[in-house]
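Sequential numbering from 1 applies to the sequence shown in UniProt numbering. C-beta: ideal position from N, C-alpha, C; glycine also. See structure below.
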Amino acid sequence: MNPLVNQKPPKSSYICKWNTQTYKPEKMVSTGFESLSTMAVSEEGHYVGLGTLTGSVDVYIAFSLQRVYHLSAAHNIFVTGVEFLKSSVAAQQLTGGNDASLVSVSVDNHIVVHQIPKRGSELQKHCGFRVHSQPCPHRSQNKESRNVYK
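The structure is reproduced here in structure tokens:
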């Protein structure tokens with residue numbers, strides 16, 4: 001038996017919302033079995049962005065910890081950094097007026113821009129601010145059609 005082979009079942013990763021007055025957790029949500037590699041909070045504190053060791057990217061609503069965006073295999077290898085673009089008028093003009101835009105980077109030499117549509121928009125009504133088991137019908141799953149910059 002090879003001792004270097006991991007025989008343990010995978011453990012779930014979690015994000016937790018803490019009460020800053022009582023220093024106690026208010027809410028904890030499992031993010032799945034992918035190990036988290038990086039995290040960012042949007043400027044206004046509305047969203048939490050996560051990158052994983054398998055290259056996936058997720059965005060959660062900060063107050064409810066509800067997942068609003070998931071892109072499996074956004075990168076070919078682990079995500080080294082995520083950062084929300086500023087919510088200025090100029091940034092919104094560049095990103096099409098979305099609610100938020102998250103940039104992810106990886107050692108695969110790609111930068112990916114992930115766009116979170118405004119709540120109540122037609123795209124949001126179709127894709128929803130819910131966990132999706134099926135791909136969004138408005139989003140091509142072809143990697144070449146994503147906002148990938150090399």
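Open item on the list: Taking the straight line between their C-alpha atoms, what separation do you get for residue 79 and residue 22?
Closed with: So the two alpha carbons sit approximately 33 Å from each other.
Open item on the list: For a quick check, are the C-beta atoms of residue 57 and residue 68 less than 8 Å apart?
Closed with: Residue 57 places its beta carbon 8 Å or farther from that of residue 68.
Task: For residue 40 and residue 32, believed in contact at Cβ under 8 Å, the rounded distance - done: Their Cβ separation, rounded to whole angstroms, is 18 Å, which puts residue 32 and residue 40 out of contact at 8 Å.
Open item on the list: If the criterion is Cβ atoms closer than 8 Å, does the pair residue 54 and residue 34 meet it?
Closed with: Yes, these two residues count as a Cβ contact at 8 Å.
- [ ] On a CA-only basis, which of 61, 36, 106 and 38 is nearest residue 44? Give me that one, please.
- [x] Minimum Cα distance to residue 44 is reached at 61.
Task: Minimum length 4: unbroken alpha helix (DSSP H) runs contained in the segment 55 to 135 - done: Restricted to the segment 55 to 135, the alpha helix (DSSP H) segments that are unbroken, complete and at least 4 residues in length are 89 to 95 and 122 to 127, listed in chain order.
Open item on the list: Can you tell me which residues form a DSSP beta bridge with residue 50?
Closed with: Paired residue(s): 39 and 58.
TODO: Note down, in chain order, each residue of its chain lying with its Cβ closer than 8 Å to the Cβ of residue 12, except the 5 sequence neighbours on either side.
DONE: Same-chain partners within the cutoff: 30, 31, 32 and 33.
TODO: Verify whether the separation of the beta carbon atoms of residue 37 and residue 84 is less than 8 Å.
DONE: No, Cβ-Cβ distance for residue 37 and residue 84 is not below 8 Å.
TODO: Within the same chain, show all residues whose beta-carbon is closer than 6 Å to that of residue 105, passing over the 5 residues directly before and after it, in chain order.
DONE: Excluding sequence neighbours, residue 105 sits near 80, 81 and 111.
Open item on the list: Short of 6 Å in beta carbon distance, which residues of its chain neighbour residue 14, apart from the five on each side in sequence? Order them along the chain.
Closed with: Same-chain partners within the cutoff: 28 and 30.
- [ ] Please work out which residues of its chain come closer than 6 Å, Cβ to Cβ, to residue 16, disregarding the five sequence neighbours upstream and downstream, and give them in chain order.
- [x] The answer, listed in chain order, is 25 and 28.
TODO: Grab the span of the beta strand (DSSP E) containing residue 32 for me, first residue to last.
DONE: Following the DSSP letters along the chain, one finds residue 32 inside the beta strand (DSSP E) bounded by residues 24 to 32.
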